[in-house]
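Everything in the sequence shown is counted per the UniProt record's numbering, starting at 1 for the first residue and increasing by one.
C-beta atoms are modelled at their ideal positions from N, C-alpha and C, and glycine is treated no differently.
These numbers were taken from a predicted model, which means no experiment stands behind them.
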Amino acid sequence: MENDIEQARASNMEEDKATTPNKGKDIDVVSASDIEMVTNKKIEREKATDILEKLDSEEKQMSFKRYGSERCIYRVPQPLRNVNGKAYSPILISIGPLNRQNTRPEAMEKLKLKYFKKLTERVGMDKKKNILISIENQEERLRHCYSGKFKSIKSRDFVEMILLDAVFIIQFLLESKDHDNGPENFEPRMTFDIRQDLVLLENQLPFFIIQEIYDQVDPPSQDATAIPFLDLAKYHFRKYKFSQGAETSPIVKESRHFTDLLRNLMLNGAIPRSYKIYPMKLKYSAVMLREAGVKFQVTEDKCPVNIEFEEGVLKIPQLEVDHSFERLVRNIMALEQCCYPSEAYVCSYIKFMDHLINSAEDVGLLVRKGIILNGLGDDAAVSNLINHFCENINDSYTCFGDISQVINAHYESRFNHIKATLKLIYFPNIWRGTATVAAAILLILTLIQTIASVKSAF
1 MENDIEQARA SNMEEDKATT PNKGKDIDVV SASDIEMVTN KKIEREKATD ILEKLDSEEK
61 QMSFKRYGSE RCIYRVPQPL RNVNGKAYSP ILISIGPLNR QNTRPEAMEK LKLKYFKKLT
121 ERVGMDKKKN ILISIENQEE RLRHCYSGKF KSIKSRDFVE MILLDAVFII QFLLESKDHD
181 NGPENFEPRM TFDIRQDLVL LENQLPFFII QEIYDQVDPP SQDATAIPFL DLAKYHFRKY
241 KFSQGAETSP IVKESRHFTD LLRNLMLNGA IPRSYKIYPM KLKYSAVMLR EAGVKFQVTE
301 DKCPVNIEFE EGVLKIPQLE VDHSFERLVR NIMALEQCCY PSEAYVCSYI KFMDHLINSA
361 EDVGLLVRKG IILNGLGDDA AVSNLINHFC ENINDSYTCF GDISQVINAH YESRFNHIKA
421 TLKLIYFPNI WRGTATVAAA ILLILTLIQT IASVKSAF
């Protein structure tokens with residue numbers, strides 16, 4: 001049977017050759033053309049694939065940089081540092097790689113080693129090794145948290161730096177919790193300076209590594225009285241009124257370092273506002289607004305950005321301005337400029353206050369209303385401080401555009417000015433108001449008497 005099949009195939013082939021003598025040549029020609037066409041299409045497809053793969057790769061890289069990056073600790077932009085460099089530089093203690101090149105006080109480095117020795121004695125050598133391994137495993141992630149590359153810092157030195165700095169922060173916070181004036185054997189000024197240094201944007205460690213070490217040092221499961229690290233950090237900054245809120249929002253729980261925590265605490269419980277680009281700005285100062293009949297009222301709200309304007313009353317939460325206020329605000333504003341440029345709510349708040357305050361007289365008015373607690377002692381100093389906060393700050397976006405527009409419209413109403421003037425001149429207090437009413441009544445009675453006299457005469 002197989003022979004029959006082969007013979008049939010051979011016969012068919014001969015028949016095909018006989019019936020189509022030129023077919024082979026045509027096939028050869030067409031095949032060459034087809035091959036060339038297929039080859040060109042293949043090259044085009046390969047080029048297109050390469051382009052698409054390149055674009056896809058670039059898109060993924062951009063997506064990683066935008067959404068997947070751990071970066072949250074930045075060098076303060078030079079234009080901001082030019083305004084007041086001291087506000088961003090540590091006084092006493094350097095934390096993390098951004099300030100590693102600065103001269104680190106020898107006493108503080110010895111203190112870090114002392115705290116590390118305390119930790120070793122408390123948890124033992126095995127747990128210390130586990131902590132070290134944890135940092136080593138997280139080294140790449142830790143490096144990505146900073147805006148610098150730090151290629152000059154060797155792996156061993158980097159891990160050692162993170163270990164000592166994290167242990168110092170944990171011990172300092174724990175000892176500060178047990179003593180209101182700071183750790184034992186610390187001078188009050190030393191405690192104050194360290195607390196100030198922990199606020200600085202460039203002087204941070206990511207919370208995730210501190211949390212990991214803290215959980216190994218004081219695991220909650222073994223100590224019922226152990227305080228969660230976030231609560232410990234909040235307690236450390238309890239001097240700020242905005243940190244004393246009863247409820248903690250999810251955004252506070254997601255804080256990535258101390259500066260970020262302080263910003264999130266400031267915004268904890270904030271009223272939702274529309275954040276717009278190039279919005280209307282407040283045109284008039286506090287004293288000018290008073291002349292248009294605007295009343296100022298302090299509120300009990302602990303969130304400083306919750307400013308409201310209703311029926312001619314500008315309601316503002318209390319703001320304490322003391323000698324630590326500038327470093328706090330400048331570093332939070334720097335963080336927003338680097339990390340939250342389109343959500344710079346604290347920058348917007350400070351800009352609103354900057355527009356509201358143009359002089360010491362404006363500060364004096366707000367102090368009398370209880371809106372500002374002046375810890376600097378001089379109204380002019382507060383005015384000067386607030387008026388310089390926004391130098392070199394991008395203020396294209398703000399969340400106070402709507403309220404500013406309403407306040408501006410109130411001031412620009414002639415009726416409000418007339419009403420305010422009459423009230424200011426004739427009813428500034430109960431005595432002047434009573435006298436004004438009495439004079440008006442007397443005038444009316446005199447007028448009635450005059451009319452009656454004229455009528456009786458005729």
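Supposed contact pair Leu200 and Pro90 - C-beta distance, whole angstroms, cut 8 Å: Numbered from 1 along the sequence shown, position 90 holds the residue referred to as residue 90. Numbered from 1 along the sequence shown, position 200 holds the residue referred to as residue 200. Contact holds; Cβ gap of about 6 Å.
Short Cβ contact (8 Å threshold) for Pro183 with Phe172: Within the sequence shown, the letter at position 183 stands for residue 183. Within the sequence shown, the letter at position 172 stands for residue 172. It is a contact, given that the beta carbons lie within the stated cut-off.
Ile73 - partner residues in DSSP beta bridges: Walking along the sequence shown from the start, residue 73 turns up at place 73. Paired residue(s): Tyr146.
Helix, strand or coil at Leu314 [DSSP, three-state]: For the purposes of this step, residue 314 is taken as the residue at position 314 of the sequence shown. Here Leu314 sits in strand by DSSP.
CB of Leu142 within 8 Å of CB of Ile162, strictly: In the sequence shown, counting from the first residue as 1, residue 142 sits at position 142. In the sequence shown, counting from the first residue as 1, residue 162 sits at position 162. Going by C-beta atoms, Leu142 is nearer than 8 Å to Ile162.
Host beta strand (DSSP E) of Lys295 (start-end): If you number the sequence shown from 1, residue 295 lands on position 295. Lys295 -> beta strand (DSSP E) spans 295 to 299.
Pair within 8 Å by beta-carbon distance, His257 and Pro206: Within the sequence shown, numbered from 1, the residue matching residue 257 stands at position 257. Within the sequence shown, numbered from 1, the residue matching residue 206 stands at position 206. For His257 and Pro206, yes; Cβs fall inside 8 Å.
Backbone CA spacing between Tyr411 and His417 [nearest angstrom]: Counting from one through the sequence shown, the residue named residue 411 turns up at place 411. Counting from one through the sequence shown, the residue named residue 417 turns up at place 417. Spanning the two alpha carbons is a distance of roughly 7 Å.
Proximity winner among Ala87, Ser94, Lys351, relative to Ser383 (alpha-carbon distances): Counting from one through the sequence shown, the residue named residue 383 turns up at place 383. The candidate whose alpha carbon is nearest that of Ser383 is Lys351.
Limits of the beta strand (DSSP E) - the one that Ser343 falls within: Walking along the sequence shown from the start, residue 343 turns up at place 343. What sits at residue 343 in the sequence shown is Glu, not Ser. Premise fails: Glu343 is in no beta strand (DSSP E) and is neither H nor E.
Other residues of its chain near His355: CB distance less than 7 Å, five sequence neighbours each side excluded: The sequence position of residue 355 within the sequence shown is 355, counting from 1. Lys281, Leu282, listed in sequence order.
Rounded separation between Tyr240 and Lys151 - CA only: Taking the sequence shown and counting its residues from 1, the one referred to as residue 240 is at position 240. Taking the sequence shown and counting its residues from 1, the one referred to as residue 151 is at position 151. Rounded to whole angstroms, Tyr240 to Lys151 spans 38 Å at the Cα level.
Secondary structure of Asn181, DSSP reduced to three states: Your numbering for residue 181 matches position 181 in the sequence shown. Coil at Asn181, not helix or strand.
Coil, strand or helix - Tyr411 by DSSP: Here residue 411 is taken as the residue at index 411 of the sequence shown, counted from 1. If DSSP states are grouped into helix, strand and coil, Tyr411 belongs with the helices.
Buried or exposed by the 16-neighbour rule on C-beta atoms within 10 Å, applied to Ser255: Counting from one through the sequence shown, the residue named residue 255 turns up at place 255. That one is buried.
With 16 other Cβ atoms within 10 Å as the buried cut-off, status of Phe415: Residue mapping note: residue 415 aligns to position 415 of the sequence shown, counting from 1. By the neighbour-count rule (16 or more Cβ atoms within 10 Å), Phe415 is not buried but exposed.
Ile444 - DSSP class collapsed to helix/strand/coil: Stepping through the sequence shown from its first residue, residue 444 is reached at position 444. Note: Ile444 maps to helix in three-state DSSP.
Close Cβ partners of Gly215 (< 8 Å) along its chain, the five nearest in sequence each way excluded: For the purposes of this step, residue 215 is identified with residue 215 of the sequence shown, where counting begins at 1. Before going further, note that residue 215 is Asp rather than Gly in the sequence given. Cβ neighbours of Asp215 beyond the five flanking positions: Phe229.
Ala107 classed as buried or exposed, judged by whether at least 16 other C-beta atoms fall within 10 angstroms: Taking the first residue of the sequence shown as 1, we reach residue 107 at position 107. So Ala107 counts as exposed.
Per-residue DSSP class, three states only, for Lys127: Residue mapping note: residue 127 aligns to position 127 of the sequence shown, counting from 1. Lys127 falls in the helix class under three-state DSSP.
Alpha-carbon to alpha-carbon, Ala270 and Asn408: One-based indexing of the sequence shown puts residue 408 at position 408. One-based indexing of the sequence shown puts residue 270 at position 270. Looking at the two C-alpha atoms, the distance is approximately 23 Å.
Assumed close pair Gly312, Val294 - CB separation to whole angstroms, cut-off 8 Å: Within the sequence shown, residue 312 is the residue found at index 312, counting from 1. Within the sequence shown, residue 294 is the residue found at index 294, counting from 1. Confirmed, Cβ separation roughly 6 Å.
Among Tyr349, Ile444, Leu365, Gln211, nearest to Tyr397 - alpha-carbon criterion: Counted from its first residue, the sequence shown places residue 397 at position 397. The residue with the shortest Cα to Cα distance from Tyr397 is Tyr349.
For Asp395 and Cys347, believed in contact at Cβ under 8 Å, the rounded distance: Residue mapping note: residue 347 aligns to position 347 of the sequence shown, counting from 1. Residue mapping note: residue 395 aligns to position 395 of the sequence shown, counting from 1. Cys347 to Asp395, Cβ: 7 Å. Contact.
Three-state class that DSSP yields for Gly24 in the structure shown: By one-based count along the sequence shown, residue 24 stands at place 24. Caution is warranted here: a pLDDT of 44 is assigned to Gly24, below 50, making its placement in the model unreliable, and the coordinate value is therefore given only provisionally. Looking at Gly24 - three-state DSSP - the assignment turns out to be helix.
Top-ranked residue by Cα proximity to Ala360, from Asn331, Ala292, Leu385, Glu336: In the sequence shown, the residue the question calls residue 360 occupies position 360. The option with the nearest alpha carbon to Ala360 is Leu385.
Bridge partner(s) assigned by DSSP for Glu320: The residue given as residue 320 occupies position 320 in the sequence shown. Glu320 pairs with Leu373.
Whole-Å CB distance - Ile133 paired with Ala166, under 8 Å assumed: Position 133 of the sequence shown, counted from the start, is the residue given in the question as residue 133. Position 166 of the sequence shown, counted from the start, is the residue given in the question as residue 166. Not a contact, Cβ separation roughly 14 Å.
For Lys276, the residue or residues it bridges with in DSSP: Here residue 276 refers to the residue found at position 276 when the sequence shown is read from its first residue. DSSP, once it has assigned bridges, lists Thr398 as partnering Lys276.
Paired residues, beta bridge with Phe309 - DSSP: Reading the sequence shown from its first residue, position 309 is the one you call residue 309. Bridge partners of Phe309: Leu314.
CB contact flag (Ser285, Asn358, <8 Å): Residue numbering aside, residue 285 sits at position 285 when the sequence shown is read from its first letter. Residue numbering aside, residue 358 sits at position 358 when the sequence shown is read from its first letter. Taking 8 Å as the Cβ cut-off, Ser285 and Asn358 qualify as a contacting pair.
Buried versus exposed, by CB contacts within 10 Å (16 or more), Gln196: Here residue 196 corresponds to residue number 196 of the sequence shown, with the count starting at 1. That one is buried.
Reference Phe400, options Tyr345, Ile371, Gly370, Asn387, closest by Cα: Residue mapping note: residue 400 aligns to position 400 of the sequence shown, counting from 1. Nearest C-alpha to Phe400: Tyr345.
Beta-carbon contacts of Gly68 that lie in its chain and below 8 Å, excluding the five residues immediately before and after: Position 68 of the sequence shown, counted from the start, is the residue given in the question as residue 68. Confidence in Gly68 is poor, its pLDDT being 45 and thus under 50, which makes the residue's placement unreliable; the coordinate value appears in the next sentence. Excluding sequence neighbours, Gly68 sits near nothing in its chain.
Pair within 8 Å by beta-carbon distance, Val83 and His323: As a first step, residue 83 is located in the sequence shown; it is residue number 83 there, counting from the start. As a first step, residue 323 is located in the sequence shown; it is residue number 323 there, counting from the start. Not a contact, by the Cβ cut-off of 8 Å.
Closest Cα partner of Ile277 within the set Glu343, Val252, Met333: Start at 1 with the first residue of the sequence shown, and residue 277 comes out as number 277. Out of Glu343, Val252, Met333, Glu343 has the C-alpha closest to the C-alpha of Ile277.
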